[in-house]
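Q: Numbering (the numbering used here), first residue to last: 62 to 496.
Every residue, glycine too, gets a C-beta built ideally from N, C-alpha and C.
Since the structure is predicted, the reported quantities are computational estimates derived from the model, not experimental observations.
Before I ask anything, let me first share the structure, which is written out below as structure tokens.
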Amino acid sequence: MKEFVRRHGLIIQLGVFLVYALVRIGTTLPALQSPRDLADTDIYIRLADESILGAGLLNADRPVGFPLLLLIAGHDFSLAAGIQLALTIFSWGMLAFAVSRSFQSMVVRFFSFAIILALGLARHLAGWDFVMMTESLSLSLFALLIACAAWLLQGWRTIKLIALAGVAVLFAFTRDTNAYLLAMAAGLILIAVMFRWCKPRGMAVSFIFLAIFAASYLTANMGERWVFPFVNVMGRRILPYLDRVEYFEDCGMPVTPELMEMAWYFAGGNDRRFFNDPALEGFRQWLAEDGKACYMKWLVSHPAETFAEVYREFDGLMFFDGVGEYFSRNYSDLLPSRIERLLYPVYFADWILAALMVGAIAASILRPWVKNPLWALFIILSLTIFPHAYITWHGDAMAPERHMLSVGMQLSVSFWLLLFLAGERVGVYFGEGTR
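Structure below.
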């Protein structure tokens, strides 16, 4: 039996994946036929109507990824949901295959394959396939990006690098914060090359990621995509606090009674006075000329306060108690809640984050990637979780739990990678790591 599994392991995995795909499609047909559209969906529909070949989409006030999906689907929400579901199944399948093929132990290989597939069924991740927003596309592309990275680590090939670059482009242009994650990964890879922890060809990945980040950052500025989220931050996290208002006043922000009346409002609140009130014209001029620079300076000059704010909220953001309120009314959870809580950590997330960071730092010292390159991917994912959360939290004050979904996925994947890798080392220690 053991020899049969070794010889036919790939066929067994393909069979399991096929059953997984069929079950997932069959159990979600009601939600597929009644996808959910939200307030921002109309914005993406408008963008989908703009010419792809013209400058309109590049100057858009949202990233282009999801509008392109709507354009491909012909504005048919059910078809768009079907495309999202297909991409989700494919992406998590590729991630399961790529991760499992990184292990020699057949026990760890099949266990990791099953766990990764099951993780993709967690409601925090799976329920978005039937929502006409960017979350499903972003999460699926994130899974596919990790899969491509694991695939590249198993043996350098130009075609693998091209695949990684292509997925990275789509990933970055689905949500702006995704591009920042690529930039952080690029920085860690550059450090690894400098310390000769990886071969110089790793620079190619860094340069590709940095180029994608630069393109995303440029288009975000062209479309002024940062303005609305920053005004959300201004209304919710700056104007209500006198010490913060004083800092921004020193940075040139005109503080008027009309502006202070906007404390606790989101950008679109109070009849959009942030953008329409003539009395706030001076604020809008400052916002366009110096607002972003002043905010960056404030974040840098208050590291203890801004880092503590994110860490204090981290556990609740990962729990995301109201996630189901966004889903299609015909969506049903695919896993029992007890199993899901084991797969997708929503409790003690701050402690798990701390453990992952300690594990990544220890792995950086011990260099176990010499025996299994997947350790390198674990290190990069784990060390960028909190910076990813920091940028996401401080980038927008509206719906932070929803914006943090990619961080939650990153946390859960890193958590399981550590368990798989540690399990492999235990198996090797007890003589069970051979093929």
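1) Nearest to Leu243 by alpha carbon, out of Gln471, Glu366 and Glu196?
2) Just the C-alpha distance for Arg399 and Asn120, rounded to the nearest angstrom, thanks.
3) Would you kindly check if the distance between the Cβ of Leu395 and the Cβ of Thr89 is under 9 Å?
4) Should the segment 297 to 305 be regarded as contacting the segment 247 to 256, the criterion being three or more beta carbon pairs within less than 8 Å?
5) Whose C-alpha, out of Met264, Gly216, Pro124 and Asp237, is nearest the C-alpha of Leu249?
6) In chain order, what residues of the same chain lie with their CB nearer than 6 Å to the CB of Ala437, ignoring the 5 residues before and after it?
7) In the DSSP assignment, find the unbroken alpha helix (DSSP H) run with Gln145 in it and report its ends.
8) Hey, which unbroken runs of the alpha helix (DSSP H) at 4 residues or more fall wholly within the segment 299 to 371?
9) Using DSSP's beta-bridge definition, name the partner residues of Arg97.
10) Check whether the segment 219 to 229 and the segment 121 to 136 are in contact - that is, three or more C-beta pairs closer than 8 Å.
11) Spatial neighbours of Leu417 within its chain, please: CB distance less than 6 Å, with the 5 preceding and 5 following residues excluded, ordered by chain position.
12) Can you give the Cα-Cα distance for Leu404 and His455, rounded to whole angstroms?
13) What's the gap between the Cα of Phe309 and the Cα of Gly329?
14) Just reading off the alpha helix (DSSP H) that Phe409 is part of, what are its end residues?
15) Helix, strand or coil: how does DSSP classify Pro397 here?
16) Buried or exposed for Ile273, going by 16 or more other Cβ atoms inside 10 Å?
17) Just to confirm before moving on: does the CB-CB distance between Ser161 and Phe151 stay below 9 Å?
18) Classify Glu350: buried if its beta carbon has 16 or more other beta carbons within 10 angstroms, exposed otherwise.
19) How long is the line joining the alpha carbons of Pro91 and Trp153, rounded to whole angstroms?
A: Taking the definition as stated:
1) For the purposes of this step, residue 243 is identified with residue 182 of the sequence shown, where counting begins at 1. Answer by Cα proximity: Gln471.
2) Translated into positions along the sequence shown, residue 399 becomes position 338. Translated into positions along the sequence shown, residue 120 becomes position 59. If you draw a straight line from the Cα of Arg399 to the Cα of Asn120, it comes to about 45 Å.
3) The residue labelled residue 89 in the question sits at position 28 within the sequence shown. The residue labelled residue 395 in the question sits at position 334 within the sequence shown. In this structure, Thr89 lies near Leu395, with their beta-carbon atoms less than 9 Å apart.
4) no
5) To locate residue 249, count along the sequence shown from 1; it is residue 188. Cα-wise, what sits closest to Leu249 is Met264.
6) Locating residue 437 in the sequence shown gives position 376, where the first residue counts as 1. Taken in chain order, the residues that qualify are Trp430.
7) Sequence index remark: in the sequence shown, residue 145 carries index 84 (1-based). Gln145 -> alpha helix (DSSP H) spans Phe138 to Ser161.
8) 303 to 311, 318 to 321, 330 to 337, 342 to 347 and 353 to 362
9) Counted from its first residue, the sequence shown places residue 97 at position 36. Paired residues: Val192.
10) no
11) On the sequence shown, residue 417 is found 356 positions in, with the first residue counted as 1. Within the same chain, Ser443 and Ser475 come within 6 Å of Leu417 by CB-CB distance, once the 5 residues on both sides are set aside.
12) Counting from one through the sequence shown, the residue named residue 404 turns up at place 343. Counting from one through the sequence shown, the residue named residue 455 turns up at place 394. Answer to the nearest angstrom: the Cα atoms are 28 Å apart.
13) For this step, residue 309 is matched to residue 248 along the sequence shown. For this step, residue 329 is matched to residue 268 along the sequence shown. Approximately 21 Å, taken between the alpha carbons.
14) On the sequence shown, residue 409 is found 348 positions in, with the first residue counted as 1. No alpha helix (DSSP H) contains Phe409, which DSSP labels as neither H nor E.
15) Reading the sequence shown from its first residue, position 336 is the one you call residue 397. Note: Pro397 maps to coil in three-state DSSP.
16) As a first step, residue 273 must be located in the sequence shown, where it is residue number 212. By the 10 Å Cβ count, Ile273 comes out buried.
17) Your numbering for residue 161 matches position 100 in the sequence shown. Your numbering for residue 151 matches position 90 in the sequence shown. No, these two residues do not count as a Cβ contact at 9 Å.
18) Within the sequence shown, the letter at position 289 stands for residue 350. So Glu350 ends up on the exposed side.
19) Translated into positions along the sequence shown, residue 91 becomes position 30. Translated into positions along the sequence shown, residue 153 becomes position 92. Answer to the nearest angstrom: the Cα atoms are 22 Å apart.
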